[in-house]
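K.L.:
Sharing a structure here in structure tokens format.
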Amino acid sequence: MTTVRPNSQIPEEPVGAGSGTRRQTLTSRGSGSGFHMRRFIMEPGGGMPRHTNLVEHQQYVLRGRARIGIGDQTFQVSAGDVVHIPGGVPHWYRSEGDEPFEFLCVVPDDEDRIELLE
């Protein structure tokens, strides 16, 4: 099935565990595509605490800069960078700079559970 959804029709919602973080659900679980795609927007200084997910994450940075912790490593990322986070690996985000940090996050359409570690 082919679907086109204008961005103006996709609501942004706050991410409860995050600070200054919103999310758009671009494709949802059960859509039949095998994937779930979201857009995250983190205001300067915003972010997500250290947590784990059951599923892996494939991410593409749209704009801004951030520091991301994955396992015991820390990375500086910016527009155009690609990030892979294996399932079950602790990770966190902190938006840096003067503009929002935005990225697309694609995960398998499998059962997921988020566990906050902090």
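Position 115 of the sequence shown, counted from 1, bears residue number 1310 in the working numbering, the numbering being contiguous throughout. The C-beta atom is built at its ideal place from N, Cα and C for all residues, glycine as well.
Under the three-state reduction of DSSP, which class applies to S1290: helix, strand or coil?
P.N.:
In the sequence shown, counting from the first residue as 1, residue 1290 sits at position 95. Three-state result, S1290: strand.
K.L.:
So for S1228, helix, strand or coil by DSSP?
P.N.:
On the sequence shown, position 33 is the one that residue 1228 refers to. Coil.
K.L.:
Answer yes if the segment 1231-1248 comes into contact with the segment 1280-1288, meaning at least three C-beta pairs across the two stretches below 8 Å, and no otherwise.
P.N.:
Counting Cβ pairs under 8 Å, three or more are found: they touch.
K.L.:
With H, G and I counted as helix, E and B as strand and the rest as coil, what does DSSP make of S1273?
P.N.:
As a working mapping, residue 1273 is identified with position 78 in the sequence shown. Reduced to three states, the DSSP call for S1273 is strand.
K.L.:
From Q1271, Q1253, R1218, pick the residue whose C-alpha is nearest to that of I1236; which is it?
P.N.:
The sequence position of residue 1236 within the sequence shown is 41, counting from 1. Answer by Cα proximity: R1218.
K.L.:
Please report the straight-line C-alpha distance between S1223 and L1249, rounded to a whole angstrom.
P.N.:
Mapped onto the sequence shown, residue 1223 falls at position 28. Mapped onto the sequence shown, residue 1249 falls at position 54. One C-alpha to the other measures close to 17 Å.
K.L.:
Would you kindly check if the distance between the Cβ of C1300 and the Cβ of R1245 is under 8 Å?
P.N.:
In the sequence shown, the residue the question calls residue 1245 occupies position 50. In the sequence shown, the residue the question calls residue 1300 occupies position 105. Contact flag unset, no.
K.L.:
The beta strand (DSSP E) with P1206 in it runs from where to where?
P.N.:
Position 11 of the sequence shown, counting from 1, holds the residue named residue 1206. Note, P1206: premise wrong, no beta strand (DSSP E); not H, not E.
K.L.:
Using a 10 Å radius around the Cβ and a threshold of 16 neighbouring Cβ atoms, would you call I1263 buried or exposed?
P.N.:
Position 68 of the sequence shown, counting from 1, holds the residue named residue 1263. By the neighbour-count rule (16 or more Cβ atoms within 10 Å), I1263 is buried.
K.L.:
What are the boundary residues of the beta strand (DSSP E) that includes A1261?
P.N.:
Taking the sequence shown and counting its residues from 1, one reaches residue 1261 at position 66. Looking at the DSSP string, the run of the beta strand (DSSP E) that includes A1261 is 1260-1265.
K.L.:
Any idea what DSSP makes of T1198, helix, strand or coil?
P.N.:
The sequence position of residue 1198 within the sequence shown is 3, counting from 1. Of the three classes helix, strand and coil, the one that applies to T1198 here is coil, per DSSP.
K.L.:
Considering only the alpha carbon of each residue, which of E1297, V1284, V1302 lies closest to E1310?
P.N.:
By one-based count along the sequence shown, residue 1310 stands at place 115. Comparing Cα positions, the closest option is V1284.
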